[in-house]
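What follows is a short report on a single structure.
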Amino acid sequence: MAGGHSVEDDEPKFGLVVVGEVEENRILRNRGARPGDLIVLAKPLGTGVLFNAAKSGRISPDQLQPVLPQVARLNGDALEILRKFGVRALTDVTGFGLAGHLFEMVAGGDVSAVVDFSSLPLYPHALEMYRAGETTGSNRPNRSFLGKKISLQGLAPHEEEILFDPQTSGGLLGALPPEGAEEAVKALREAGYSASVVGEFTPSGETPLRVVKNKK
Numbered sequence: 005m006a007g008g009h010s011v012e013d014d015e016p017k018f019g020l021v022v023v024g025e026v027e028e029n030r031i032l033r034n035r036g037a038r039p040g041d042l043i044v045l046a047k048p049l050g051t052g053v054l055f056n057a058a059k060s061g062r063i064s065p066d067q068l069q070p071v072l073p074q075v076a077r078l079n080g081d082a083l084e085i086l087r088k089f090g091v092r093a094l095t096d097v098t099g100f101g102l103a104g105h106l107f108e109m110v111a112g113g114d115v116s117a118v119v120d121f122s123s124l125p126l127y128p129h130a131l132e133m134y135r136a137g138e139t140t141g142s143n144r145p146n147r148s149f150l151g152k153k154i155s156l157q158g159l160a161p162h163e164e165e166i167l168f169d170p171q172t173s174g175g176l177l178g179a180l181p182p183e184g185a186e187e188a189v190k191a192l193r194e195a196g197y198s199a200s201v202v203g204e205f206t207p208s209g210e211t212p213l214r215v216v217k218n219k220k
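Position 39, counted from 1, in the sequence shown is what this note's numbering calls 43; the numbers after and before it change by one each time, with no gaps.
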């Protein structure tokens, strides 16, 4: 490993690197989704704005409490569940937000993606904080990176922001065949994840990502 960050801050930080091996036939990449596959998200969105709101005093520690069990939950069990139900492509939602990481799944492939905003799992108070004017340092660059690659239809400004919210310990984002997706979500929920089917992959189109509200 070479490189790193130089930071002067009031908070302690630590860095780590994990090095390992994986059997070639068990590698899951973020490419490989097919038209008709459903998009499964295994955890809610909103950690970025909520952690900032906690620092600024807009929400109390008690209001943040419901977020912590999901943040502390590792993705290992979710990975095995998604494997069981035939996941074809997989990534996790982290600093680029849902929109950025979903774009990585369609970029350079033969698919686009349509997300139903109303189906997104969200942490309590996340939309409320964006409506109140709270944000993160990553929202603007995350949105700028996508530019015209994303179409937002029928969303209020504060709803748009949640798509670019950077996640801490975000959930897995997978492409699953329709016959496996709903069963996967059921199994994920039984295992303690707040999972949902949030959209579908479609044949490649002019706009790689579309987010609509109350999709029929």
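A virtual CB, placed ideally from N, CA and C, is assigned to each residue, including glycine. All figures in this text were calculated on a predicted structure; none of them were measured in a lab.
- The alpha-carbon separation between Pro48 and Asp41 amounts to approximately 20 Å.
- Under the 10 Å beta carbon count, Pro212 is surrounded by 16 or more other beta carbons and is classified as buried.
- Ala199 sits close to Leu192, with the two beta carbons spaced by under 8 Å.
- Pairing Ile85 with Ala179 gives a Cβ-Cβ distance that is not under 8 Å.
- Partner residues in the beta bridge of Asp120, as assigned by DSSP, are Val216.
- For the set Asp14, Gly24, Leu45, the Cα lying nearest the Cα of Ser173 is the one of Leu45.
- Of the residues assessed, Asp169 falls on the buried side of the cut-off, its CB having 16 or more other CB atoms within 10 angstroms.
- The C-alpha of Asn34 is placed about 27 Å away from the C-alpha of Asn218.
- C-alpha of Gly90 to C-alpha of Pro181: approximately 7 Å in a straight line.
- Between Glu164 and the set Gly137, Leu177, Leu176, Glu183, the nearest pair of CA atoms involves Gly137.
- Secondary structure within the region 7–85: the alpha helix (DSSP H) runs of 4 or more consecutive residues, fully enclosed, are 51–60, 65–68, 72–76 (chain order).
- Per DSSP, Ser148 is one residue of the alpha helix (DSSP H) stretching across 143–150.
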